[in-house]
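**Student:** Take this structure, written in structure tokens, and hold onto it; I'll ask about it next.
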Amino acid sequence: STTVYFGPTQPDGVPRGNWIQTDPAKGWFTILRLYSPLEPFFTKEWRPSEIELVK
13 STTVYFGPTQ PDGVPRGNWI QTDPAKGWFT ILRLYSPLEP FFTKEWRPSE
63 IELVK
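Quick look at the structure:
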């Protein structure tokens, strides 16, 4: 698994590759694209984790 951080400034100790800069004046949304998903995706046995607010 991978942890990705979204925010206007890069958190301390978070590698640049794990941070996506956001603009507080604009909205944003996430899209998850799966390439060649396995059967649990189609049967809805698997789903991605919820996004967690970290302060």
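Throughout, our numbering is defined as the position within the sequence shown, counted from one, plus 12.
Ideal placement from N, C-alpha and C gives every residue a C-beta, glycine not left out.
Since P36 and P20 are thought to touch, with beta carbons under 8 Å apart, how far apart are those beta carbons, to the nearest angstrom?
**Tutor:** As a position in the sequence shown, residue 36 is number 24, starting the count at 1. As a position in the sequence shown, residue 20 is number 8, starting the count at 1. That pair is a contact at about 5 Å.
**Student:** Would you tell me roughly how many angstroms separate the C-alpha atoms of T55 and I43, rounded to the nearest one?
**Tutor:** Taking the first residue of the sequence shown as position 1, residue 55 is located at position 43. Taking the first residue of the sequence shown as position 1, residue 43 is located at position 31. Distance between the alpha carbons of T55 and I43: 20 Å.
**Student:** Tell me, please, which residues DSSP counts as bridged to P32.
**Tutor:** Within the sequence shown, numbered from 1, the residue matching residue 32 stands at position 20. Reading the sequence as shown, one finds Ile at residue 32 and not Pro. Looking at the DSSP assignment, I32 forms a beta bridge with F18.
**Student:** Whose C-alpha, out of F53, P49, F18 and S13, is nearest the C-alpha of W31?
**Tutor:** Along the sequence shown, one-based indexing puts residue 31 at 19. That would be F18, whose Cα lies nearest to the Cα of W31.
**Student:** At what residues does the alpha helix (DSSP H) containing P52 begin and finish?
**Tutor:** Translated into the one-based positions of the sequence shown, residue 52 becomes position 40. It spans E51 to F54 - the alpha helix (DSSP H) in which P52 sits, taken as one unbroken run.
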